[in-house]
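Visitor: In this note's numbering, the protein residues as written are 336 to 433.
From the three backbone atoms N, C-alpha and C, an ideal C-beta is built for every residue, glycine too.
1) Need the endpoints of the alpha helix (DSSP H) that residue 407 sits in, please.
2) For residue 371, does the count of other Cβ atoms within 10 angstroms reach 16, so buried, or fall short, so exposed?
3) Cutting at 7 Å between CB atoms, please list the residues of its own chain near residue 355, excluding the five before and the five after it.
4) Residue 351: which of 343, 414 and 422 sits nearest, CA to CA?
5) To which residues of the same chain is residue 396 closer than 6 Å at the C-beta, ignoring the five residues directly before and after it?
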């Protein structure tokens, strides 16, 4: 199945501008005859629209980047310390008496 936008009125699929799902073979025939276009393509051109130009990504100053990395390292060390405290505080499991 293919999704097409009708460029002309069609008895089976509707009025011009309608988006319809059509069996693949019939879709190819409709596009070839100029009665429909595939979404994202110009009318009957058969080529995809060009991709939009890449947008510039804002840069982060090196000092901010280094400060963030240090903060991450500090937080990871704090998490490790807290995990050790938690493990030490858990009650020891004793095997069940027989």
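Guide: To lay it out plainly:
1) In the chain shown, the residue the question calls residue 407 occupies position 72. Segment 397 to 424, the alpha helix (DSSP H) holding residue 407.
2) Taking the first residue of the chain shown as position 1, residue 371 is located at position 36. Classification of residue 371: buried, given that the 10 Å Cβ count is 16 or more.
3) In the chain shown, the residue the question calls residue 355 occupies position 20. Closer than 7 Å at Cβ, skipping near neighbours: 339, 341, 348 and 349.
4) Position 16 of the chain shown, counted from the first residue, corresponds to residue 351. When only C-alpha atoms are compared, the closest one is 343.
5) Here residue 396 refers to the residue found at position 61 when the chain shown is read from its first residue. Here the set comprises nothing.
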